[in-house]
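J.: Handing you a structure now.
Numbering (UniProt numbering), first residue to last: 1 to 48.
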(Lines of atoms letter the chains of each structure in order from A; the text may use other names.)
(Lines give C-alpha, C1' and ligand atoms only; values in the text may rest on other atoms or scores of the structure.)
Protein backbone atom coordinates (compact mmCIF):
# COMPACT_ATOMS: atom_id res chain seq x y z
CA UNK A 1 0.00 0.00 0.00
CA UNK A 2 2.96 2.36 0.39
CA UNK A 3 4.09 1.80 -3.21
CA UNK A 4 0.78 2.78 -4.86
CA UNK A 5 -0.30 6.38 -5.39
CA UNK A 6 -3.54 7.06 -3.50
CA UNK A 7 -4.60 9.56 -6.19
CA UNK A 8 -3.90 7.84 -9.53
CA UNK A 9 -2.96 4.24 -8.63
CA UNK A 10 0.52 4.41 -10.16
CA UNK A 11 2.97 1.98 -8.52
CA UNK A 12 6.50 3.05 -7.67
CA UNK A 13 9.37 1.25 -5.95
CA UNK A 14 10.64 3.11 -2.89
CA UNK A 15 13.38 2.33 -0.39
CA UNK A 16 12.20 2.19 3.24
CA UNK A 17 14.34 5.21 4.12
CA UNK A 18 12.32 7.43 1.74
CA UNK A 19 9.51 8.92 3.85
CA UNK A 20 7.75 11.09 1.25
CA UNK A 21 5.80 9.66 -1.68
CA UNK A 22 6.09 11.86 -4.78
CA UNK A 23 4.12 10.71 -7.84
CA UNK A 24 4.26 11.86 -11.45
CA UNK A 25 0.58 12.90 -11.14
CA UNK A 26 1.72 15.70 -8.81
CA UNK A 27 0.81 14.15 -5.46
CA UNK A 28 3.44 14.65 -2.76
CA UNK A 29 2.44 13.12 0.57
CA UNK A 30 3.84 11.33 3.60
CA UNK A 31 4.50 7.68 2.78
CA UNK A 32 2.52 6.57 5.86
CA UNK A 33 -0.44 8.84 5.10
CA UNK A 34 -0.50 7.60 1.50
CA UNK A 35 -0.60 4.01 2.78
CA UNK A 36 -3.41 4.85 5.22
CA UNK A 37 -5.52 6.31 2.39
CA UNK A 38 -4.91 3.19 0.28
CA UNK A 39 -5.89 0.91 3.18
CA UNK A 40 -9.07 2.94 3.77
CA UNK A 41 -10.01 2.73 0.08
CA UNK A 42 -9.47 -1.05 0.08
CA UNK A 43 -11.58 -1.47 3.24
CA UNK A 44 -14.43 0.52 1.70
CA UNK A 45 -14.16 -1.52 -1.51
CA UNK A 46 -14.45 -4.76 0.47
CA UNK A 47 -17.47 -3.52 2.44
CA UNK A 48 -19.48 -2.35 -0.58
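Cβ atoms here follow ideal geometry from the backbone N, Cα and C, with glycine treated the same way.
From residue 4 to residue 44, what does the alpha carbon distance come to, in whole angstroms?
T.: 17 Å
J.: What separation, rounded to the nearest whole angstrom, lies between the Cα atoms of residue 26 and residue 46?
T.: 28 Å
J.: Where do the ends of the beta strand (DSSP E) carrying residue 30 lie?
T.: Counting along the chain, the beta strand (DSSP E) containing residue 30 begins and ends at 28-30.
J.: Report the three-state DSSP secondary structure of residue 41 (helix, strand or coil).
T.: helix
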